[in-house]
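Numbering (the working numbering), first residue to last: 4 to 307.
In this text, a Cβ means the ideal position worked out from N, Cα and C, and glycines have one as well.
Data first, discussion second: the structure below is written as C-alpha cells.
Written as C-alpha cells, this is what we have:
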C-alpha cells in the first residue's frame with residue numbers, strides 16, 4: 004500500500020472515531036438490551052463479530068444485556084430426535100417432553116456458546132436463564148380461536164409456552180455492577196416451579212422494560228420497517244409506528260416485532276430498534292452513527 008493510501012485509510016479511521024465519540028459520551032453508563040435472533044446466530048463469523056461488538060460496547064462504558072433466541076436450533080434438535088412440533092401464532096406448542104429439549108438447547112449449547120464467544124473476545128459474561136435466582140417469573144400464554152360458524156371462542160392449549168409476569172431488575176443490576184455481560188436464555192419459572200418456553204423477542208422486551216433501558220436493539224434477519232412503497236424507514240415516533248400497524252403497512256411477521264418494541268417504549272425504554280443482525284458490526288453502526296442501520300421507534304412524547 005502506498006503512503007498516500009495508508010494516510011487516507013488512517014484519516015478515514017480517525018473520521019469514524021470522531022463521529023462515534025459524541026455517542027460514546029452520550030451513552031456511557033446507560034443500559035442497552037440486545038436481542039440476538041436465532042437466524043442471525045447461524046453464521047460463526049457473524050456470531051464472532053457480534054461478541055466482539057458487545058465487548059467493545061461494554062468497554063466504552065455501556066451496560067450490555069444480551070437475550071438470545073434459538074428457534075432454528077431447537078427445530079433442528081427436535082427433528083434429530085424425531086419429535087414433531089407445531090406452531091400457533093408463531094409460538095411453538097411446547098409439551099412436557101419438548102420443554103426439556105427447548106431448555107437444553109437454549110440454556111445449554113446456545114447460551115454457553117455465546118458466553119464463550121464473548122470471553123474469547125476479551126469480555127466477561129455470565130450465562131443465565133430466567134430460572135436462575137427466579138429472576139423471571141412466567142405465566143402461561145393464552146390464545147383463543149373463534150369458530151367461524153358458531154363464533155364461539157376456543158382456548159388453545161400451547162402447553163409450557165409462557166410470557167414474563169415479573170422480571171427482577173435488581174438481580175441483573177448486580178451482574179452489571181460487577182462488570183459482567185448477562186447473557187439470558189428465554190426460559191422462565193412458573194408459580195408452581197414449571198419451566199416455561201418464552202418467545203425471545205417478548206423476553207428481551209420485558210427485560211428492557213424492567214431495566215428502563217436506554218435502547219432495546221432487536222436483531223433479526225431484516226433491516227427494519229418499510230413504508231408502503233417498500234422503502235426502509237430509519238426512524239418513527241410511537242404513534243407513527245402504531246398507525247403503520249393499523250393501516251396494514253406493517254404486516255405479517257413484522258407485527259409482533261413492532262408490537263414488542265411499542266410495548267417497550269410505552270413502559271420506560273427510551274427507544275427500540277429493529278435491525279438486521281446479519282450485517283457485520285450492525286450494533287456499532289446503529290449506535291455510533293447519525294442515521295443507524297435499522298428502524299428506531301421513539302418513546303411517546305419524545306423527539307428525534
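Straight-line Cα distance separating residue j from residue i
i	j	result
residue 24	residue 288	13 Å
residue 237	residue 214	25 Å
residue 170	residue 200	15 Å
residue 268	residue 39	19 Å
residue 165	residue 302	26 Å
residue 64	residue 27	8 Å
residue 177	residue 219	20 Å
residue 245	residue 278	18 Å
residue 283	residue 52	7 Å
residue 139	residue 31	27 Å
residue 205	residue 167	8 Å
residue 198	residue 92	21 Å
residue 111	residue 232	43 Å
residue 59	residue 181	17 Å
Beta-carbon separation (whole angstroms), residue i vs residue j, contact threshold 8 Å
i	j	result
residue 127	residue 187	The Cβ separation is near 15 Å, so there is no contact.
residue 271	residue 222	Not a contact, Cβ separation roughly 21 Å.
residue 210	residue 70	6 Å
residue 263	residue 162	Between residue 162 and residue 263 the Cβ distance is about 22 Å, and since that is not below 8 Å, they are no contact.
residue 265	residue 241	6 Å
Coarse secondary structure for residue i, derived from DSSP in three states
i	result
residue 2	The structure shown does not extend to residue 2, since the chain is modelled only from 4 to 307, so the question has no answer here.
residue 78	helix
residue 25	helix
residue 33	coil
residue 164	strand
residue 215	coil
residue 281	coil
residue 67	strand
Beta-ladder partner(s) of residue i, from DSSP
i	result
residue 132	188
residue 300	239, 275
residue 174	Answer by DSSP bridge pairing: none, since residue 174 is not bridged.
residue 95	90
Identity of the residue in the options nearest residue i by Cα
i	options	result
residue 29	293, 304, 197	293
residue 122	22, 79, 50	50
residue 225	196, 202, 257	257
residue 57	81, 212, 85, 117	117
residue 142	196, 242, 208	196
residue 120	73, 78, 81, 48	48
residue 250	90, 72, 230, 217	230
residue 21	291, 54, 212	291
residue 173	113, 136, 83	136
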